[in-house]
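Peer 1:
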Amino acid sequence: MSALRQAMVLSLSFLVLLSIGGALFEDFLTKELQTEIDTELKQEFAGLSRELTTLGQVPDDFASGGLPLNDETAYGFLRSDGTVMGPVKIEVFAADGLRTLQDEEIFPEDVQQSIMEALEKAFDTESDDESDVVELPFDGEFDTLWRAYVGPALDGQLVVFSPTVGGLVAELSTVILIALVLISIPTMAVGVVFGLRAQRRLDRIGQGYERIADGDLTVRLAPKVVKDDLDLLTQRIDGATERLQTTLRQMSEFSANIAHDLRTPLTRLRIHLDQANEANDLAAHLNSSISQTDNIIAIFDAIQRIARLKTGERRAKFKALDLGNVASQVHDIYEAVAEDEGRTLICNVSNPVIVDGDINLLIQLLSNLIENAIRHTEVGATITLSVRGRWLSVSDDGPGIPEEECEKVLEPLYRLDHSRNTPGAGLGLSLVKVIADLHEANMTLSKADTNQQKGLLVKIEFRNPSSTLASPGAVSD
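If you read the sequence shown in the numbering used here, its first letter stands for residue 8, the second for the next number, and so on.
#1: For the beta strand (DSSP E) that Ser169 lies in, which residues bound it at each end?
#2: Under the three-state reduction of DSSP, which class applies to Asp139: helix, strand or coil?
#3: Would you please state the rounded distance, in angstroms, between the beta carbons of Leu25 and Ile190? I believe it to be under 8 Å.
#4: Give the range of the alpha helix (DSSP H) segment to which Gln371 is assigned.
#5: Less than 7 Å between C-beta atoms, sequence neighbours within five positions excluded: which residues of the same chain meet that for Glu468?
#6: For a test of the three-state rule: what should DSSP assign to Val386, helix, strand or coil?
#7: State buried or exposed for Glu51, treating a residue as buried only when at least 16 other CB atoms are found within 10 Å of its CB.
#8: Could you check the C-alpha separation between Asp45 and Arg154 for me, to the nearest Å?
#9: Is the Cβ-Cβ distance between Ile366 and Tyr341 less than 7 Å?
#10: Could you give the DSSP three-state label for Lys454: helix, strand or coil?
#11: For the region 315-368, which segments carrying the alpha helix (DSSP H) assignment without a break, of at least 4 residues, lie completely within its bounds, in sequence order?
#12: Taking the alpha-carbon positions, what's the Gly63 to Leu40 distance?
#13: With distances taken Cα to Cα, identify the nearest neighbour of Arg395 among Asp329, Glu346 and Ala345.
#14: Pick out whichever of Thr391, Phe21, Gln460 and Ile370 has its Cα sitting closest to the Cα of Pro193.
#15: Closest to Glu410 by CA distance: which of Thr391, Asp363 and Gly462 is it?
#16: Pick helix, strand or coil for Ser437, following the three-state DSSP scheme.
#17: Measure the alpha-carbon distance for Leu316 versus Val441 and round it to whole angstroms.
#18: Figure out for me which residue from Val232, Asp404, Gly407 and Leu165 has the closest Cα to the Cα of Tyr82.
#19: Near Leu17, which residues of its chain fall below 7 Å by C-beta distance, leaving aside the five closest residues on each side in sequence?
#20: Find out if the Cβ-Cβ distance for the pair Phe100, Met92 is shorter than 7 Å.
#21: State the Cα-Cα distance for the pair Ile244 and Arg208, rounded to the nearest angstrom.
#22: Give the DSSP bridge partners of Lys461, in chain order.
#23: Tell me Asp403's beta-bridge partners as DSSP assigns them.
#24: Could you tell me the boundaries of the alpha helix (DSSP H) in which Glu112 lies?
#25: Should Leu255 go down as buried or exposed, given a rule of 16 or more other Cβ atoms within 10 Å for buried?
#26: Among Asp404, Ile183, Ser400 and Ile122, whose alpha-carbon lies nearest the alpha-carbon of Asn458?
#27: Along the beta strand (DSSP E) that carries Val157, what are the first and last residues, could you check?
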């Protein structure tokens, strides 16, 4: 369950980072508090040193309080004759400056014993005599570590000391630990909830994939409302499934169409061959057989050519071409052909562009469109070949193509004549579409005359022309 694992990993990572942050914060706070204590000790030392200097002597009752319990800062003094004033050992004065000392390093044994007895009284909650309770300056925490500052004062050595931040840090560590425990429970719970939710969505996608793999291409996975990247993923899957469904449908129709188109010439070929031995005019049967065979070969050649063009290999041979010149060449070739068929072919060129393409393929594209227009229009019809900037178009005033059939007629072997009794194999527009795609051009089919709802207009837009010609002007034939 990858989604659940990921959610748990993220939750644990959050907790680990939070723990590291807590540890860093504790370390920072400890250093800051220790720095503050050291500063206060130095200030206290400086104040006492000035006071003793002003007095010119050390009072006999200096540091006579004995136990460092009622003040946060305590002190002691070492006279020049070796006498220690205050509850400290003489070893404390061995070195000047700031030091961290254990309680046994700073206090004599009798003082330590007195401190412990005082602490017992302070924490004795059953004592009825409140006068016996000693108020502690350390918030109920007694730490065995002390911070001391030693230096010369008057004619001796002065020491100022106070508890370190150990007790406070211990309390802070406990608070951080409790906070981590309290935070970890909802964090893990939220991680599990979101992980299971994401896992259910992934399982649904996986089950949908299995149905698609089993052949059910009607499956759609995307929700109506897209909320996140998983929904976008399902949208893409649905798009791929829909395209696959369309491709399979086209392949099925293509197979049926090619079978139908080949069945007729093959049947006729078989009849001619069967009757050849008994026919008086053997040459006529042979010619008909050859004609049917040529029909079959032409269909396969067209299909094979479409397949080769779809590979894009011809794109390597593209050269810069003037769309106006291509249109003019095709017009020169087919003007007489259209006239012989009783149609009129007109060519209009205005501001043509330079495109990268294959001139033979573009001529083939226009030839197919013009021949298609001649085949499907009545005598007297007008066919217009136009170039407008990056647009290339062929239009006629024939019956046109129904709007719902415009996409289908671009599929190989698809024909509007579903009985397939009219000449042709339904490959002309398919080849045009493949050539347009090879040139990265958009191809659209629509009504040539939208008011009369008649005629066919095929427009091809070259999306990435090399450049625009210097406006040679409009040419009309």
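The C-beta atom is built at its ideal place from N, Cα and C for all residues, glycine as well. Since this is a predicted model, take the numbers as computed values, not measurements.
Peer 2: From the atom records:
#1: Your numbering for residue 169 matches position 162 in the sequence shown. Its beta strand (DSSP E) spans residues Gly163 to Pro170.
#2: Along the sequence shown, read from residue 1 onward, the residue named residue 139 stands at position 132. Summary for Asp139: the model assigns pLDDT 48, below 50, so the residue's position carries little reliability, and this model does not support an answer.
#3: Residue mapping note: residue 25 aligns to position 18 of the sequence shown, counting from 1. Residue mapping note: residue 190 aligns to position 183 of the sequence shown, counting from 1. Separation of the CB atoms of Leu25 and Ile190 is rounded to 7 Å, and the pair is thereby assigned contact status at 8 Å.
#4: Translated into positions along the sequence shown, residue 371 becomes position 364. It spans Ile366 to His383 - the alpha helix (DSSP H) in which Gln371 sits, taken as one unbroken run.
#5: Residue numbering aside, residue 468 sits at position 461 when the sequence shown is read from its first letter. Here the set comprises Arg397, Trp398, Ala448 and Asn449.
#6: In the sequence shown, counting from the first residue as 1, residue 386 sits at position 379. Correct three-state label for Val386: coil.
#7: Here residue 51 refers to the residue found at position 44 of the sequence shown. Glu51 should be labelled buried.
#8: For the purposes of this step, residue 45 is taken as residue 38 along the sequence shown, with counting starting at 1. For the purposes of this step, residue 154 is taken as residue 147 along the sequence shown, with counting starting at 1. In a straight line, the C-alpha of Asp45 is about 8 Å away from that of Arg154.
#9: Against the sequence shown, residue 366 aligns to sequence position 359. Against the sequence shown, residue 341 aligns to sequence position 334. No. Outside cutoff.
#10: Reading the sequence shown from its first residue, position 447 is the one you call residue 454. Correct three-state label for Lys454: strand.
#11: DSSP runs (the alpha helix (DSSP H)) wholly in the region 315-368: 330-347.
#12: In the sequence shown, counting from the first residue as 1, residue 63 sits at position 56. In the sequence shown, counting from the first residue as 1, residue 40 sits at position 33. Computed Cα separation, rounded: 34 Å.
#13: Indexing the sequence shown from 1 puts residue 395 at position 388. Closest by alpha carbon: Asp329.
#14: By 1-based counting over the sequence shown, the position of residue 193 is 186. Selected option, being the one with the closest Cα: Phe21.
#15: Here residue 410 is taken as the residue at index 403 of the sequence shown, counted from 1. The option with the nearest alpha carbon to Glu410 is Gly462.
#16: Within the sequence shown, residue 437 is the residue found at index 430, counting from 1. Residue state, collapsed to three classes: helix.
#17: What you label residue 316 is simply residue 309 of the sequence shown in a count that begins at 1. What you label residue 441 is simply residue 434 of the sequence shown in a count that begins at 1. For Leu316 and Val441, the distance between alpha carbons rounds to 7 Å.
#18: Start at 1 with the first residue of the sequence shown, and residue 82 comes out as number 75. Closest option to Tyr82, Cα to Cα, is Leu165.
#19: Here residue 17 refers to the residue found at position 10 of the sequence shown. Contacts found: Gly198.
#20: Here residue 100 corresponds to residue number 93 of the sequence shown, with the count starting at 1. Here residue 92 corresponds to residue number 85 of the sequence shown, with the count starting at 1. The answer is no: Cβ separation not under 7 Å.
#21: Counted from its first residue, the sequence shown places residue 244 at position 237. Counted from its first residue, the sequence shown places residue 208 at position 201. Straight-line Cα distance between these residues: approximately 14 Å.
#22: Within the sequence shown, residue 461 is the residue found at index 454, counting from 1. Per DSSP, Asp456.
#23: The count along the sequence shown starts at 1 and reaches residue 403 at position 396. For Asp403, which the question treats as bridged, DSSP gives the partners Ile390.
#24: The sequence position of residue 112 within the sequence shown is 105, counting from 1. Asp110 to Ile113 is the extent of the alpha helix (DSSP H) around Glu112.
#25: For this step, residue 255 is matched to residue 248 along the sequence shown. Exposed is the call here.
#26: As a position in the sequence shown, residue 458 is number 451, starting the count at 1. By alpha-carbon distance to Asn458, the top candidate from Asp404, Ile183, Ser400 and Ile122 is Asp404.
#27: Stepping through the sequence shown from its first residue, residue 157 is reached at position 150. Membership of Val157 in the beta strand (DSSP E) is indicated by the continuous run Leu152 to Ala160.
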